[in-house]
Structures are given as C-alpha cells and as structure tokens.
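In the numbering used here, the protein residues as written are 3 to 431.
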C-alpha cells in the first residue's frame, strides 16, 4: 500500500513480503543502513555516498564536493543517478552474497530521495522521473530482483510531497508499467482505486487522466483482474463529454459494452448507456451493433435479443460473446423486466417470456432471487410469482408514474386507517 494512503488494508510492501519472501523494510530507511556514525552535515553524507558509489574515481569525488558546496542539488542528483543502474545490478545480483546488500540499497535511495526534495520545485518531476528510470532499467521486464525494485519505486512514490502532482503522476505511471512488465500488478490492486481518487488532486489535464486510466485498465486486464479493469475503463470513458473527440475511445467503449453484456448482473448496462462516449457507438459499423446489444441487455427482453441475433448472426463471435451465456443472462434480465411491470406474474407468462418449459420456471425464479435481482415468493397453487422487491434496470417516466400511484395508494390506505381509528375512539367515548 502506498504510504500516504495507509489504512486498514494490507500494505503493498507486506504483500510482496508474504508472496515472495522478500525481507521486511521500513517505510524510509536511514542513512545508517549504508554508513555507520552520525552525520551533522548533508555535504558529508553526500561525500560518503560518492565514496561508496565510486571509490576509485577522484574526479567524481571532487565534482560531488563542489556541487555540495554550491548547493547545486540538481547537478548532484544527476551525478548520482547516473551511477544507480550499475550499482543496483551489482547489489541485487543473485551472485552477490553480501547479507547487507538489501539495507545498502535502502540507504542509498534514502539519501537520493532526500536530495530530490532539495532540487528547485520546477525541476522535481524531471528528477523524480530520472531516478525512477534508473531503478526500472532499460529492460523493465528483465531487470534483476523485480520485487525489490518495485519496493524502491513505492518508496519513491511515498517520498514525493502530496502537492507535487506532476511528479506523483509520473512515478505512479512508472510503477504501473513496471508492475505490468513483471507480472506483479496484483500486489498493487488493494489501493489502486484509492490512488486514482487521490489523483484528482494532482492537477492533471484531461488527457493525462485518460492516459493514466487506460494504462491501469490494460495492466489490470493483463493481470486477469477483469472487475477492476472494467472500473478503470468506465472511469476513463466518463471523462468524455458531448463535443469531445471520441474516436480514440471507441475501442475501449466497445470493450466496456462487451464486459457489461458478459456480466449484466454485476454491471449496470443502463448506467453505461448514459455515457456520451457509449452513445457515440450508435453511429455505425460494428460499434453500432455493440451499442444495440448493450441497449437490449439494459432495457429489453429475450425476444429482442433473439431478433438481434437472427439479423446479425456474426456479431456475437466478432465481439467475443457466447450465445448460450447471453441467452441465460437475458432470461434473468427478462424476469426482472416482468417483475417491474407487475407484482404478480403467472408461471405461463414467465415461461413464454424466458422461452422455457413451465416446469423450469421455479428454478429461474430461485436463481434470480439468489443473485439479488428479484425478491419474491412462489404461490404454487395459483402458479404465480409474487414480487416484493426488484432491481430496476431503467427508471423511466413510466416507472415514476407507477411509483406515484403506489405512494398515492399508501396515502389513501393510511388516511382510511386513521379514519377507522378515530371513529373507533369516538364510539368508545
């Protein structure tokens, strides 16, 4: 978990430790992890780090000393960062038998993070990004000790001030890319939604937010987390308004529609249809067919789906949808539609609408109750399903009218009850 977002969930760092047996490290290591003794001057600490990184390079030592004396932290950081890739490869190499290598790495970056805080504010994003790039390496997916490197990246994110939105954005995107390349995205998922919410305060342009959300969606889908990927795709799509250029977003809009169709119980197809970019799918081509199918799953019954399939036979295969799975989902949604239209539904109506035998009606009613779409009881003598509650797929004007009539009926019943009570009290006086 990212340090600025500490809560009750397991820390991402702890997840790594549990999953891979990596040693537990503190949120920010102290300089003593590299060097013994107490340091009163930052220049002395930087000089000692320079000695550690390049003990045989006298020119390097002198450059570090000169930059420290002048307080030129940007130049100093550039010198150090240039040495990081080689030092990391050495310290994190499987052949390295030094038991203190891990704490040495922590200490090095503790010093570098501190220097990053001292560079001019206008240059911080650039320096945080270059520091992170030195950790990731040129080949992010083939770097040694990817779990340790991921911990360093998380420490870097934690060390960035909360008001440095651009730097946070840059480092966070690097973390997602690195985790995706090294198949460790699952270790980030407990806090991703929280970080995305926090990113709203980073001052990002709409394009930057869209790119970040698309990156997250791709990484999560690659990691097999379809549910969270869908959440990120919907967040991405919700950033488009009428009048925006939406062509680049249409593939993800189709993907969101397909995911919602595959799980219409868990995903609100009707709510997805309210997004402008989803509406843009209706303009033509395969996108229009995906939009129409989403409409059917959001508002219609099985008969409409069967008509669509008859007219667009190849569409399901093109979208990667399974016909029988779609039929089963539409049967559940059709039962919900019936439940919103009437509080008592004959078995025969259910059988006709769901295109099943009457003997199978009760099994489908039980299934709809189990997944929370409908709450009802079955009157087997009268062959009726009595609905007490249902999930509204689309709340339109007709639904408002029905609700108004129901409220009116309740009011009349209460007035009648009050009248009966009053008359009873008068009769006993």
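A virtual CB, placed ideally from N, CA and C, is assigned to each residue, including glycine.
Own chain residues within Cβ distance below 6 Å of residue i, not counting five before or after
i	result
residue 387	347, 367, 378 and 380
residue 205	167
residue 299	263, 266 and 271
residue 148	184
residue 231	219, 222 and 223
residue 127	168, 169 and 172
residue 331	266
residue 360	349 and 353
Identity of the residues DSSP links to residue i by a beta bridge
i	result
residue 392	376
residue 381	386
residue 2	Given a span of 3 to 431 for the chain in the structure shown, any question on residue 2 remains unanswerable.
Under 9 Å between C-beta atoms of residue i and residue j
i	j	result
residue 340	residue 352	yes
residue 103	residue 94	yes
residue 133	residue 66	no
residue 55	residue 110	yes
residue 293	residue 283	yes
residue 186	residue 227	no
residue 75	residue 113	no
Alpha-carbon spacing of residue i relative to residue j, whole angstroms
i	j	result
residue 424	residue 413	16 Å
residue 302	residue 286	21 Å
residue 159	residue 139	17 Å
residue 420	residue 389	28 Å
residue 243	residue 275	13 Å
residue 233	residue 321	20 Å
residue 251	residue 289	11 Å
residue 73	residue 89	25 Å
residue 280	residue 239	8 Å
residue 395	residue 426	For residue 395, the predicted model reports a pLDDT of 49, less than 50, meaning its position is unreliable; a value from the coordinates is still stated below. Straight-line Cα distance between these residues: approximately 44 Å.
residue 130	residue 124	12 Å
residue 106	residue 80	20 Å
residue 98	residue 51	20 Å
residue 315	residue 308	10 Å
residue 310	residue 304	10 Å
Anticipated Cβ contact below 8 Å, residue i with residue j, distance rounded
i	j	result
residue 323	residue 260	7 Å
residue 325	residue 334	At roughly 16 Å, the Cβ-Cβ gap does not stay under 8 Å, so residue 325 and residue 334 are not in contact.
residue 91	residue 70	Wrong, their Cβ atoms sit about 26 Å apart, outside the cutoff.
residue 152	residue 181	6 Å
Chain-order list of residues whose beta-carbon lies under 8 Å from that of residue i (same chain, five-residue window excluded)
i	result
residue 393	338, 374, 375 and 376
residue 174	159, 197, 201 and 214
Residues of its chain near residue i, where Cβ-Cβ distance is below 7 Å and the 5 sequence neighbours each way are ignored
i	result
residue 208	241
residue 136	83, 86 and 87
Residue i: CB within 8 Å of a non-hydrogen atom of the ligand NAP
i	result
residue 331	Absence of the ligand NAP is noted for the structure shown, with no ligands found whatsoever.
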